[in-house]
Ligand code: G1P
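In this note's numbering, the protein residues as written are 1200 to 1489.
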């Protein structure tokens, strides 16, 4: 089995970023020179994914427009002889085959994924959450796809977090297997209350899921926060089939949080081929003088 499709839920309101996100989707906030969502789509492309399915809601058309071909803009750039810029924009619209489905009610992440069931069909698929950016040599999604080639079962990306932060995540309890960075999942809990789990393995927004998840999502009742939680359906899937947790290689940024977003801007700026050297020097200078 091969994973060809990635579902990217982009229906969330982005209240954590108000007022910045009052009139633009949070996925369109810029990190250095492109919106956060472009990093996610580029990771999918670099990992060999063939089709991206956006789960959208009202007010999110800027995301679709960003990946579309803009005939008028292309003509203006050609007239002004801005050929390289025109090509860069056309490359974005040619990145990958894109489909959008609408989540009609904000019923939770699990419900958003379920909304994509007809477009995904009966095959394993990737889920990529737009808030989680991972900076790594090998894209995080590709690392997981390599593991999938071996195990042919569902995989969740995990990262160790301090004990006092586990309540902010889906937490995986598991046991290490021989393959490095890999665990067999025993139990999953969405946003556990402090003291209710010994595990520090937090789910980060990359999943490879078997299509059975859709039937389970349909049966999942509202969980944490009154929402249909993907983690709850995964816990049910884990009872039927093997499931793995994978500690990916790389640095993760929570771009859905103000501090995480700032850190991402700094990191992506510092590795930027044109801006990096000057930015690094500037940060050093600032740190010495502030
Ligand atoms: C979601 C998932 C959670 C996961 C997190 C990773 O939560 O429900 O299990 O740990 O993404 O970013 P959210 O951040 O949307 O509340």
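Each residue gets a CB set at the ideal place from its N, CA and C atoms; glycine is no exception.
This one's a predicted model, so the numbers in the text were calculated from it and none came from an experiment.
Beta carbon of residue i: closer than 7 Å to some heavy atom of the ligand G1P?
{"i": "residue 1428", "result": "yes"}
{"i": "residue 1401", "result": "yes"}
{"i": "residue 1268", "result": "no"}
{"i": "residue 1368", "result": "yes"}
{"i": "residue 1404", "result": "yes"}
{"i": "residue 1441", "result": "no"}
{"i": "residue 1330", "result": "yes"}
{"i": "residue 1308", "result": "yes"}
{"i": "residue 1389", "result": "yes"}
Name the DSSP beta bridge partners of residue i, please?
{"i": "residue 1382", "result": "1375 and 1444"}
{"i": "residue 1233", "result": "1230"}
{"i": "residue 1246", "result": "Residue 1246 is not bridged to any residue."}
{"i": "residue 1320", "result": "According to DSSP, which records beta bridges pairwise, residue 1320 is partnered with nothing at all."}
{"i": "residue 1348", "result": "Answer by DSSP bridge pairing: none, since residue 1348 is not bridged."}
{"i": "residue 1460", "result": "Paired residue(s): none; residue 1460 is not in a bridge."}
{"i": "residue 1333", "result": "1451"}
{"i": "residue 1297", "result": "1251"}
Less than 8 Å between C-beta atoms, sequence neighbours within five positions excluded: which residues of the same chain meet that for residue i?
{"i": "residue 1358", "result": "1400, 1401, 1403, 1446, 1447 and 1451"}
{"i": "residue 1392", "result": "1366"}
Ignore the nearest five residues each way along the sequence and tell me which others in residue i's own chain have a CB closer than 6 Å to its CB.
{"i": "residue 1376", "result": "1383"}
{"i": "residue 1268", "result": "1292"}
Quick one: what's got a C-beta closer than 7 Å to residue i's C-beta in the same chain, skipping five residues either side?
{"i": "residue 1234", "result": "1226, 1227, 1228 and 1265"}
**Asked** Quick check: the segment 1308-1318 against the segment 1239-1258, are there 3 or more CB pairs under 8 Å?
**Response** yes
**Request:** Answer yes if the segment 1361-1374 comes into contact with the segment 1397-1410, meaning at least three C-beta pairs across the two stretches below 8 Å, and no otherwise.
**Result:** yes
**Prompt:** Between the segment 1445-1454 and the segment 1326-1342, do three or more beta carbon pairs fall short of 8 Å?
**Reply:** yes
**Asked** Does the count of Cβ pairs from the segment 1340-1348 and the segment 1291-1307 closer than 8 Å reach three?
**Response** no
**Request:** Evaluate contact between the segment 1254-1271 and the segment 1205-1214, counting only Cβ atoms and requiring at least three cross-stretch pairs below 8 Å.
**Result:** yes
**Message:** Tell me whether the segment 1274-1289 and the segment 1385-1399 touch, counting them as touching only if at least three CB pairs, one residue from each stretch, are closer than 8 Å.
**Reply:** no
**Request:** State whether the segment 1255-1273 contacts the segment 1291-1302, with contact taken as three or more CB pairs (one from each stretch) at a distance under 8 Å.
**Result:** yes
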